[in-house]
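Asker:
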Amino acid sequence: MKINIAFIINNTNFFLSHRINIAREVLKLNGEVTLFAPEITKKEEKILNNYNINFHYLPFSRQRIRLIDLLRIFILGFKISKLDKIFHLVTIIPIIFCGIPLRLLNKKVVFAVSGLGTIFISQAIYARTIKFFVILVYRFLFNGKNSRLIVQNTVDFDFFKNKLKIRDKNLYLIKGSGVSQFDFNYFEDLPNNRQFPVILVPARLIKEKGIYEICNASKLLLEENFPHEVWISGDIDSGNPSSLTKQEVEQISLAVPSVKFLGYQQNMKDLYKQATMVCLPSYREGLPKALIEAAACGRPIITSNVPGCNEIVEDMKTGILVNVKSVEGLRTAIKKLYLNKELMEQLRLNAYNKFLLEYNEEIIVKKIINLYSSF
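Taking this note's numbering, the leading residue of the sequence shown gets 15, the next gets one more, and so forth.
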C-alpha cells in the first residue's frame, strides 16, 4: 500500500530534527510527504526541496497566537480533509484545531502527544481550566474509529488508557522518534584533554527544562572550588511564555561564569564528544531525544526523576536520577559521577546497550510505518 502522509506541526525545525527519519522512510517506500508548518527559513526550505517534501503554511505564529489564527487553522482542517492522506498531527494546537474537523469527518489521523506539557504540570487556575477543556477534546479526538494516538512513555500511556479511557486499539506506546547509531555513534573514550568536567545541557532555554536549577548547581560547585563548565546548547524560545529572556541569560552569565550559553548548535554530535557528561534537569518530558543521543554516544547521564526522563534512565544503572528541581541533587550527582570513573564507564555502557535495544531509529521508524499501515 502506498503511504501518503501530511505532517501538521508548529515548528519546521522540530520536524527536521524529530520526524525527518519517518518522512525519509515513507519516501523510500514511494510514498508522498507534505508538511504544514507556520514558518520556514530558506535553509529549511532547501532541505525539504531536496527530499521532495511539499510545504504549506499553517496560518499562525508561535510568537503571538490570536483567536483569528486558531479559527483559520480550524477551517484549514476542513479544507485539507479532501486530501487522500494520513494526517500526522504533532503538538497541541495542530492536534486540537486541525484534529477536531478531521475527527468529525472520520479522516485517518495519527495524533502524536510527545508529553502532557505545561498545562498538565501547572497548578495555576488558568492552566487547570485549560486542562479540563483539553481532556474533553482529547477524549473525543483519540477515540475515533480512524484515530491513532502515539505516546512516548509508560506514565502517559497509563494516563490515556486509564484516566481518559482511550481504546486499546487506538493507543500506541512508541518510545520517541528514534536516533541513528550511525549519525550518533558510540565514543569509546571519555574526553581526557581537560582538567575539569564539561557538563552538557542540551535543552531549549525554558524554565521547565531546569535551566535555573543547573545554573544554581554550578554556582554551588564554584563556591566549593570544584572546577567545571556547564555548556547549555539551546536557543531562547520566544514563542514560549516560559522562555528565558536575553536579559536573563546575560544576568546568569555574569553571576555564574562557569555557565556557557552556546545557543542552538547544528552539530550536536561534536558537543557530545567534548562533554564529560550530559545533564537534563527537566520538570517533565515525553521522551527526550537529547538523552537518547547521549546514550548512543556513550555519555553518562544525569536527569530528573520525572516521566520521560526516568523512562530512559534507570537510577545507578543507565544514569543518575535526581529529584525534580533539586539544586543540591544536581550538585551532588555531578561530583559523584566525575569522581568515580568506574561508575561513569558502567553507566554509559549500560545506557548504550539499552539504546540499541529500545531507541534505535530503525526500530522506532518501523513501528510508525506499521502504524500507518494499520489504517
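All residues carry an ideal CB built from backbone N, CA and C; glycine is no exception.
1. With 8 Å as the threshold, decide whether the Cβ of Leu-84 is near any Cβ in chain D.
2. Using 8 Å as the threshold, is the C-beta distance between Glu-390 and Asn-27 below it?
3. Using the Cβ count rule (16 or more neighbours within 10 Å means buried), how would you classify Pro-255?
4. Which residue marks the beginning of the alpha helix (DSSP H) containing Leu-351, and which one marks its end?
5. Three or more C-beta pairs under 8 Å: does that hold for the region 139–156 against the region 186–195?
6. Using alpha carbons as the reference points, say which of Pro-314, Ala-269, Glu-307 and Leu-301 lies closest to Met-291.
7. DSSP on Thr-143, reduced to helix/strand/coil?
8. With a 10 Å radius around its C-beta and 16 neighbouring C-beta atoms as the bar for buried, classify Ile-82 as buried or exposed.
9. Need the endpoints of the alpha helix (DSSP H) that Ser-31 sits in, please.
10. Can you tell me whether Ala-289 is helix, strand or coil according to DSSP?
11. Going by C-alpha distance, which of Lys-56, Ile-61, Val-263 and Glu-227 is nearest Arg-38?
12. For Asp-197, tell me which candidate among Ser-31, Pro-321 and Glu-328 has the shortest Cα-Cα distance.
13. Would you call the region 329–345 and the region 285–301 touching, i.e. three or more CB-CB distances under 8 Å?
14. List the whole-angstrom C-beta distance separating Asn-184 from Leu-163, where the pair is believed to meet the contact cut-off of C-beta under 8 Å.
15. So, are the CB atoms of Ile-87 and Pro-73 less than 8 Å apart?
16. Do you know offhand how far Gly-158's Cα is from Leu-178's?
17. Is it buried or exposed for Pro-241, if we count other Cβ within 10 angstroms and need 16 for buried?
18. Quick one: what's Gly-6 bridged to in DSSP?
19. Going by the CB atoms, is the gap between Thr-48 and Lys-99 shorter than 8 Å?
20. Label Phe-21 either buried or exposed according to how many other C-beta atoms from any shown protein chain fall within 10 Å of its C-beta, with 16 as the threshold for buried.
21. By Cβ distance below 7 Å, which residues in the same chain neighbour Phe-389 in space, the five residues on each side in sequence not counted?
22. Classify Val-327 as helix, strand or coil using the three-state DSSP reduction.
23. Identify the continuous alpha helix (DSSP H) that holds Thr-168 and give its terminal residues.
24. Cβ of Ser-267 within 8 Å of Cβ of Pro-216?
25. Measure the beta-carbon distance from Phe-201 to Lys-303 and round it to whole angstroms, keeping in mind my assumption that it falls under 8 Å.
26. Counting along the chain, where does the beta strand (DSSP E) carrying Leu-214 start and finish?
27. How should Val-230 be labelled, buried or exposed, when 16 other C-beta atoms within 10 angstroms of its C-beta is the threshold for buried?
28. Determine which residues share a DSSP beta bridge with Glu-243 and list them.
29. Pick out whichever of Gly-129, Ile-213, Lys-283 and Lys-221 has its Cα sitting closest to the Cα of Phe-174.
30. Taking C-beta to C-beta, are Ala-51 and Asn-24 nearer than 8 Å?
31. I need the DSSP call for Tyr-71, collapsed to helix, strand or coil.
32. Can you give me the start and stop residues for the alpha helix (DSSP H) that Val-379 sits inside?
33. So, is Met-282 buried or exposed, given that buried needs 16 or more other C-beta atoms within 10 angstroms?
34. Take every Cβ of the region 307–325, pair it with every Cβ of the region 264–280, and state whether three or more of those distances are shorter than 8 Å.
35. Checking the sheet assignment: what are the DSSP bridge partners for Ser-161?
Answerer: Per the coordinate set shown:
1. The structure shown contains no chain D; it is built from a single protein chain.
2. Residue 390 is absent from the model: the chain starts at 15 and stops at 389.
3. exposed
4. 341–352
5. no
6. Pro-314
7. helix
8. exposed
9. 26–32
10. coil
11. Ile-61
12. Ser-31
13. yes
14. 6 Å
15. yes
16. 13 Å
17. exposed
18. For the chain, the structure presents residues 15 to 389; residue 6 sits outside this window and is missing.
19. yes
20. buried
21. Ile-100, Lys-122 and Asn-160
22. coil
23. 168–172
24. no
25. The pair is not a contact, with the Cβ atoms about 18 Å apart (cut-off 8 Å).
26. 212–215
27. With the sequence shown as reference, residue 230 is identified as Asn, and Val is not the correct amino acid for it. Buried is the call here.
28. Val-212
29. Gly-129
30. yes
31. strand
32. 375–387
33. buried
34. no
35. Val-123
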